[in-house]
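Let me begin by presenting the structure, written as structure tokens, before commenting on it.
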Amino acid sequence: MKKYLLAAASAAAFLAPAANAAIITTDAQNVPGVSLTPPGGALVQAVGDATISTGIDFTFGNAEGIFSDPPEAFCGINASGNCDLVTAVDGRIVQLGSLVQGLTSYFFAEAGNAANGSLTLSVFDINNNLLETALNGPPLGPNGRTTFEITRAAADIAFFSIGGNDSFGVNEIRIETPLGGVGAVPEPATWAFMILGFGAIGGAMRRQRKTNVKVSYA
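Those letters in the sequence shown? Residues -21 to -1, 1 to 197, per mature numbering (1 follows the signal peptide of the UniProt record, and there is no 0), in order.
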């Protein structure tokens, strides 16, 4: 048993740093190549996949534009093709720099100018099941707008939507570096303790077999 403990502890110490993912920011002020849409006006250019380098794909769900708030912000485009400042801003999580589905455990957004509690951030799993919601409020973000934040125990956020009962634009989105694959693989440190568990079970079974040996004499 001592050998398993030492091996698992060593594996965890070696692998744990790899599980620390960075926070990636998608800032509406820093999206190259997308022309601004006038607030309340017709869409000039959709954001689309212009933000996949930071793990956000706006080709999913509603179309989104960027308008000058100021500063710049993402807006949802309604059925008439206008940036009406009330249509939901939605999208999906992708692996950085690609259109391959990704999963994250953390989602933060800054949105304004809207009253506290008037906007809802909703996050969904890979099957589009609602996982969790959050209302906008303090603390204020770097642009002085209200924020939302959702932290999950595992990387299961695949899609998101922001909408509500007030006019708004989404200035900034932050996510933890997306994991690849539809099913999130356990983190390396978790694998180490799983190995420990398997080893302990195996050792217990061997001891039990030894204890249950019966000797018969002819």
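In this text, a Cβ means the ideal position worked out from N, Cα and C, and glycines have one as well.
Reduced DSSP secondary structure (H/G/I, E/B, other) of residue i
i           : result
F87         : strand
L175        : Only weak support is given to the placement of L175: the predicted model assigns it a pLDDT of 40, under 50, and the value that follows is read from those uncertain coordinates. In the structure shown, L175 sits in a helix (DSSP, three-state: H, G or I).
A133        : coil
S32         : helix
A113        : strand
A7          : helix
V26         : coil
V164        : For V164, the predicted model reports a pLDDT of 39, less than 50, meaning its position is unreliable and no value from the coordinates is stated.
T99         : strand
residue 203 : The structure shown does not extend to residue 203, since the chain spans only -21 to 197, so no value can be given for it.
G12         : coil
G40         : coil
L158        : strand
Opening and closing residue of the beta strand (DSSP E) in which residue i lies
i    : result
A52  : E51 to G55
F138 : F138 to G143
G44  : E43 to S47
Closest by C-alpha distance to residue i, when choosing among the options
i           : options                   : result
N95         : T126, P157 and Q24        : T126
P121        : N61, N106, E151 and V10   : E151
L109        : E155, F139 and F39        : F139
T83         : I3, G55 and A134          : A134
residue 203 : R153, V68 and D6          : With the chain represented from -21 up to 197, any question about residue 203 goes unanswered, as that position is not in the structure.
R131        : G159, N144, I154 and N115 : I154
G148        : I2, A(-1), D6 and A1      : D6
G70         : D104, G123 and D145       : D104
G159        : G91, G142 and I72         : I72
N144        : R124, I136, N115 and E128 : N115
P50         : N106, N107, E89 and I2    : E89
L119        : D63, T112 and A93         : A93
P11         : A25, A(-1), G19 and I3    : A25
S32         : A21, L64 and I2           : I2
A21         : T30, T112 and F46         : F46
K136        : E111, D28, D48 and T30    : Here residue 136 is Ile; the residue named in the question, Lys, does not match the sequence. Of the candidates E111, D28, D48 and T30, the one whose C-alpha sits nearest the C-alpha of I136 is E111.
Beta-ladder partner(s) of residue i, from DSSP
i           : result
Q80         : V73
residue 200 : Summary: the structure shown does not reach residue 200, with the chain confined to residues -21 through 197, and so no result is reported for it.
R153        : T4 and F87
A21         : N61
T126        : E89 and G116
Residue i beta carbon near the ligand FAD (any heavy atom closer than 7 Å)
i   : result
L98 : Looking for the ligand FAD in the displayed structure turns up nothing, as the structure carries no ligands at all.
Cβ of residue i within 8 Å of any chain C Cβ
i   : result
Q80 : Here chain C cannot be found, since the structure has a single protein chain.
Specify whether the stretch 100 to 107 and the stretch 11 to 26 touch according to this definition: at least 3 beta carbon pairs, one from each stretch, less than 8 Å apart.
Judged by Cβ distances under 8 Å, the stretch 100 to 107 makes no contact with the stretch 11 to 26, as fewer than three pairs qualify.
Is there contact between the stretch 73 to 80 and the stretch 51 to 59, where contact requires at least three CB pairs shorter than 8 Å?
Using a Cβ-Cβ distance cut-off of 8 Å, the stretch 73 to 80 and the stretch 51 to 59 are not in contact, since fewer than three pairs of beta carbons, one from each stretch, lie closer than that value.
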